[in-house]
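There are 2 protein chains.
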Amino acid sequence: MGESNYIIQYIQKNREHLVNEWIDKLNNLNEKNISNIISDQGFANICNEYINLLIYDYNKEENAKNRISSFTQKLIQLGWTLSFIMDCITEFGKIVFFHMTKDDSEKKQMEFVWDYDKWISPINNKLFSQYAASWQKTISLQKIAL
Amino acid sequence: MGESNYIIQYIQKNREHLVNEWIDKLNNLNEKNISNIISDQGFANICNEYINLLIYDYNKEENAKNRISSFTQKLIQLGWTLSFIMDCITEFGKIVFFHMTKDDSEKKQMEFVWDYDKWISPINNKLFSQYAASWQKTISLQKIAL
Chain A
1 MGESNYIIQY
11 IQKNREHLVN
21 EWIDKLNNLN
31 EKNISNIISD
41 QGFANICNEY
51 INLLIYDYNK
61 EENAKNRISS
71 FTQKLIQLGW
81 TLSFIMDCIT
91 EFGKIVFFHM
101 TKDDSEKKQM
111 EFVWDYDKWI
121 SPINNKLFSQ
131 YAASWQKTIS
141 LQKIAL
Chain B
1 MGESNYIIQY
11 IQKNREHLVN
21 EWIDKLNNLN
31 EKNISNIISD
41 QGFANICNEY
51 INLLIYDYNK
61 EENAKNRISS
71 FTQKLIQLGW
81 TLSFIMDCIT
91 EFGKIVFFHM
101 TKDDSEKKQM
111 EFVWDYDKWI
121 SPINNKLFSQ
131 YAASWQKTIS
141 LQKIAL
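Spelled out as structure tokens, the structure:
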């Protein structure tokens, strides 16, 4: 891993603490929706699966696509909207940002923003795209049935 | 408008120049895809429509949703994937960032990042969600037909 993967290394090392804080934040943010859709444990599992996607070795390109795809399928089955997924993931990014840069200069904070954009955002964008693609695939299959 | 809308004001004032630079960037980024899908003028129209969404007065809540929704419908009809739309919009954000903060301190740059997140990202997220929702609506309609 290159040096910029310090973010992924941090997430890996502080996983439990980050997931707990993430769940707290999301429960406060949108309490009714989450508890209606999924149990606490189920939600923790989703959060951990997301982190698994971040720390996965994406040199194994083919597998990566399948992993993201099966994760988005699960979210679709749970009835999560793209808007909700984006809110969750944005919230996670902010938690990581505050923990990793809270004592840093603004210069370091800006470096973090660009590194996050370079290393984490592409994975997030793949996830969002796969989510939309899964819906599109469903439409195609339905068209065949029509 | 509050003071944080200085970003939107900047976009409004520098619209033509920003659109031209944006189109250049996207043509370099993904030349084949864009020219295959849409003419230069068509592409400029889409870019301008996106900027119209940014500078729109979102106090008129009902209209706003319709506007975003009809824009995403157009993108779906053009065959644009969510991934491509996200790349385009990210590229636009970077152009605005570099122009608005190129002579600024990192402190000011960080302020811009948070202000962009506060004022522009919610509109982008609505757009992405509407895109996914349009596909979901199509599925529901097809299910009725099945």
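Quick note, the sequences are listed as chains A and B, same order.
Read in order, the letters of the first sequence are residues 1 to 146 in my numbering.
Read in order, the letters of the second sequence are residues 1 to 146 in my numbering.
Positions of the beta carbon are idealized from the N, C-alpha and C atoms, including for glycine.
Remember, predicted model here, so these are calculated numbers, not experimental data.
Next on the checklist: Does residue 25/B come out as helix, strand or coil in the three-state DSSP assignment?
Outcome noted: helix
Checklist entry - Does the distance from the CB of residue 134/B to the CB of residue 76/B come in under 9 Å? => result yes
Checklist entry - Okay, do the stretch 46-53 of chain A and the stretch 105-119 of chain A touch, 3+ Cβ pairs below 8 Å being the bar? => result no
Checklist entry - Are there three or more Cβ pairs, one per stretch, closer than 8 Å when the stretch 122-141 of chain A is compared with the stretch 120-132 of chain B? => result yes
Item to check | Cβ of residue 21/A within 9 Å of any chain B Cβ | outcome: no
Next on the checklist: Going by DSSP, what residue range makes up the alpha helix (DSSP H) through residue 102/A?
Outcome noted: Run containing residue 102/A: none; DSSP gives neither H nor E here.
Next on the checklist: With a threshold of 8 Å, are at least 3 pairs of Cβ atoms found where one atom belongs to the stretch 90-109 of chain A and the other to the stretch 89-106 of chain B?
Outcome noted: yes
Item to check | Beta-carbon neighbours of residue 109/B, restricted to chain A and to distances below 8 Å | outcome: 106 and 110
Next on the checklist: Rounding to the nearest angstrom, what Cα-Cα distance links residue 145/A and residue 138/A in this structure?
Outcome noted: 11 Å
Item to check | Every unbroken alpha helix (DSSP H) inside the stretch 54-95 of chain B [4 residues or more] | outcome: 61-77
Next on the checklist: Using CA atoms only, rank isn't needed, just tell me which of 123/B, 93/B and 101/B is closest to residue 25/B.
Outcome noted: 93/B
Next on the checklist: Quick check on residue 174/B - is its C-beta less than 9 Å from some C-beta in chain A?
Outcome noted: An answer regarding residue 174/B cannot be provided, because it is not within the stretch 1 to 146 covered by chain B.
Checklist entry - Buried or exposed: which applies to residue 141/A, given that a residue is buried once 16 or more other Cβ atoms fall within 10 Å of its Cβ? => result exposed
Checklist entry - What's the gap between the Cα of residue 43/A and the Cα of residue 23/A? => result 8 Å
Checklist entry - How many whole angstroms separate the CB atoms of residue 18/A and residue 95/A, which I take to be in contact at a CB cut-off of 8 Å? => result 6 Å
Checklist entry - Mind listing which residues of the stretch 113-132 of chain A have their C-beta closer than 7 Å to chain B's C-betas, in chain order? => result 113, 125, 128, 129, 131 and 132
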